[in-house]
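J.: Residue numbers (my numbering): 6 to 232.
1. Going by DSSP in three states, residue 216 sits in which element: helix, strand or coil?
2. Can you find the residues in the same chain that come closer than 6 Å, C-beta to C-beta, to residue 205, ignoring five residues on each side of it along the sequence?
3. Can you check which of these residues, 137, 163, 177, is closest to residue 156 by C-alpha distance?
4. Alpha carbon to alpha carbon, how far is residue 112 from residue 174? Give it in angstroms, no decimals.
5. Span of the beta strand (DSSP E) holding residue 94?
6. Mapping the DSSP letters down to three states, classify residue 71 as helix, strand or coil.
7. Mind checking which residues open and close the beta strand (DSSP E) that includes residue 15?
8. Along the beta strand (DSSP E) that carries residue 84, what are the first and last residues, could you check?
9. So, are the CB atoms of residue 19 and residue 63 less than 8 Å apart?
10. Given a cut-off of 8 Å on the beta-carbon distance, is the pair residue 129 and residue 203 in contact?
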């Protein structure tokens with residue numbers, strides 16, 4: 006088996022070609038035998054480029070490099086401007102710690118995304134007003150139904166049935182249990198007049214799945230009225 010000193014030049018050559026291909030001046034490669042090899046490249050303006058490397062020759066070289074050192078993985082840092090390449094062997098403990106850190110980062114990113122959605126919805130507090138509310142009531146009276154029609158959870162909807170204005174969850178294209186209802190047109194119009202995207206975004210529910218998920222919104226009402 007070739008030694009690490011014999012393998013390094015070939016690995017460097019291939020990785021430099023990949024960096025140049027994507028106009029990157031530096032980069033970091035993470036190699037783990039059981040995963041796709043990733044190249045995190047950095048361009049002159051500081052922007053990043055993530056590339057998954059499927060080069061068969063490179064895979065063989067990296068595998069041989071790790072075998073020669075009896076290590077579980079490898080990080081290779083390349084700096085084209087400084088003409089430097091550093092190899093960092095990884096133990097199994099290193100890979101496990103790295104996996105845990107990556108999982109925690111993904112969890113944190115996902116939570117931040119959810120919180121950003123919540124903040125955006127909370128900011129949309131402009132009431133729909135009487136004109137829009139009255140137009141919605143009129144279309145409902147004429148037989149219109151506001152509700153998505155697909156499998157499983159379809160969000161929130163509005164309909165007028167048996168002389169009652171109804172607001173509730175829609176499942177499989179049909180409203181089941183009604184959350185709120187009004188026997189007076191004026192009471193329904195008054196209610197909808199004072200609602201907003203924020204108030205109808207289901208933010209009071211603990212499960213973030215429901216936050217803004219096919220809820221009643223101004224643009225949805227306007228599109229429905231125009232249809």
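The beta-carbon is built from N, C-alpha and C at its ideal position, and this holds for glycine as well.
T.: Result, derived from the coordinates:
1. coil
2. 220, 221
3. 177
4. 29 Å
5. 89–95
6. helix
7. Unbroken run through residue 15 is the alpha helix (DSSP H), 9–26; no beta strand (DSSP E).
8. Per DSSP, residue 84 belongs to the beta strand (DSSP E) from 78–84.
9. yes
10. yes
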